[in-house]
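Reviewing the structure listed below.
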Amino acid sequence: AQSVTQLDSHVSVSEGTPVLLRCNYSSSYSPSLFWYVQHPNKGLQLLLKYTSAATLVKGINGFEAEFKKSETSFHLTKPSAHMSDAAEYFCVVTDMYSGGGADGLTFGKGTHLIIQP
Amino acid sequence: GAGVSQSPRYKVAKRGQDVALRCDPISGHVSLFWYQQALGQGPEFLTYFQNEAQLDKSGLPSDRFFAERPEGSVSTLKIQRTQQEDSAVYLCASSLSGTGFYNEQFFGPGTRLTVL
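Same order as they appear, the protein sequences are chains W and B.
All residue numbers for the first sequence refer to the numbering used here, where the first residue is 483 and numbers rise by one.
All residue numbers for the second sequence refer to the numbering used here, where the first residue is 822 and numbers rise by one.
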């Protein structure tokens, strides 16, 4: 079985300051991990993904995430927030051998990122 | 280029009505997924197609939910005798290959269903 926990439902930062969105996962086997972003009235967009290659993953729009197996974490960071980063962010896990959902993704409940001017 | 499209974008139904939600995946994408996203929650997996074959429907919440993809392209999610708890955004996603987790899933904008 697989699950993912996003530790903060809301995160508020000032424009130009660093962003940290926290995610912990649980997986019986070797997980693949993703971060998706959802802007209002738009489809979910993939930010980055980890699939057992480099543990530090770089994504679009300056975001990156580090896979830490010992901590079962996959936190999303960005050095400097922009107003356009305001959105809902989802941490997602899929387990290669889960057998359920046939590569369907297991989403966290989301973190709403607020950018203060 | 065209992405995943869904129609209608918004649907209001009276309790007990049947509804049909349409998904047009990206042309040539083999895999198609349906998810349900309740208010304030993350999307939850409903069902998965590889071409026209429905390989997994373990996430469908009841036998009132039915999905099809008869020609391996467009898919329809049908909900019979809608209930208030069916109110949610229904998301469709497609990916190029059958091995979904190696391939990015591209999501449509969703259909927001409200059952009164």
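Each residue gets a CB set at the ideal place from its N, CA and C atoms; glycine is no exception.
As the structure is a prediction and not an experimental result, all values here were calculated from the model.
- Bridge partners of residue 840 of chain B according to DSSP: B:900.
- Of all residues in the stretch 507-534 of chain W, the ones placed with a Cβ closer than 9 Å to any Cβ belonging to chain B are 514, 516, 518, 520, 523, 524, 525, 526, 527, 528, 531, 533, in chain order.
- Annotated as proximal: residue 529 of chain W and residue 541 of chain W, with beta-carbon spacing under 7 Å.
- If you draw a straight line from the Cα of residue 594 of chain W to the Cα of residue 517 of chain W, it comes to about 13 Å.
- Interface flag for residue 549 of chain W against chain B is unset, since no Cβ pair is found closer than 7 Å.
- Taking C-beta separations shorter than 6 Å and ignoring five residues to either side along the sequence, the partners of residue 831 of chain B in its chain run 933, following chain order.
- Spatial neighbours of residue 507 of chain W in its own chain (CB-CB distance under 8 Å, excluding positions within 5 residues in sequence) are listed in chain order as 484, 485, 486, 487, 513, 515, 554, 555, 556, 573, 575.
- In terms of Cα proximity to residue 862 of chain B, the closest of W:546, W:535, W:521, W:591 is W:591.
- Membership of residue 547 of chain W in the beta strand (DSSP E) is indicated by the continuous run 546-550.
- Distance from the Cα of residue 907 of chain B is smallest, within the candidate group B:837, B:848, B:917, B:845, for B:837.
- The three-state reading of DSSP puts residue 566 of chain W in helix, counting H, G and I together.
- If you draw a 10 Å sphere on the C-beta of residue 860 of chain B, you find fewer than 16 other C-beta atoms in it, and that means exposed.
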